[in-house]
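One structure below.
In our numbering, the protein residues as written are 17 to 180.
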């Protein structure tokens with residue numbers, strides 16, 4: 017028999033039954049570790065971009081010196097300057113994207129990991145609205161109780177791919 021979820025049933029699923037839901041928190045935390053490794057690679061890319069920008073700025077100074085010493089024609093200088101400026105602009109855009117990713121990841125780490133690590137405690141402390149938001153973020157469909165077990169028709173796709 018399928019019936020609507022009551023507050024008492026949710027308390028049973030999350031608190032008394034030690035939150036034995038359709039995903040494994042340990043696997044989710046492994047996903048977080050993989051995310052940290054990815055952020056490490058992104059930060060290495062940022063370092064490489066900063067080094068390349070510094071190298072391009074040195075080249076620009078050398079071009080200016082060559083132009084001042086009349087060892088370079090105006091058209092050659094202009095072409096090379098435009099190329100360097102274009103490259104620098106593209107690298108600056110990529111760096112800005114990296115800064116955004118890093119910032120979002122740091123926000124997630126400061127809040128999300130603690131939530132995942134103590135999901136049961138967070139659920140216990142939450143008011144009814146927060147509990148509903150938490151459940152909605154985990155289960156995309158309504159929960160159903162069938163033979164005293166909580167079920168959902170399908171798992172949240174993002175969580176399922178992260179928690180395997």
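Virtual Cβ for every residue (Gly too), placed ideally from N, Cα, C.
Since this is a predicted model, take the numbers as computed values, not measurements.
Query: Beta-carbon within less than 7 Å of residue 107's beta-carbon, same chain only, minus the 5 sequence neighbours each way: which residues are those?; Result: 65, 68, 69
Query: Near residue 79, which residues of its chain fall below 8 Å by C-beta distance, leaving aside the five closest residues on each side in sequence?; Result: 88, 93, 96, 97, 100
Query: Under DSSP, the alpha helix (DSSP H) around residue 135 begins and ends at which residues?; Result: 135 to 141
Query: Which same chain residues end up closer than 7 Å to residue 61 when comparing Cβ atoms and leaving out the 5 residues on each side of it in sequence?; Result: 114
Query: Excluding sequence positions up to five away, which residues of its chain have a Cβ less than 8 Å from the Cβ of residue 31?; Result: In this prediction, residue 31 has a pLDDT of 48, which is less than 50 and means its spatial position is unreliable; what the coordinates show is noted afterwards. Correct list, in chain order: 136, 139, 140.
Query: DSSP three-state label for residue 147, please.; Result: helix
Query: According to the Cβ coordinates, are residue 142 and residue 151 closer than 8 Å?; Result: no
Query: Using a Cβ-Cβ cutoff of less than 6 Å, which residues in the same chain neighbour residue 82 once the five nearest sequence positions on both sides are dropped?; Result: 88
Query: Could you tell me how far apart the beta carbons of residue 118 and residue 55 are, in whole angstroms, since I believe they sit closer than 8 Å?; Result: 7 Å
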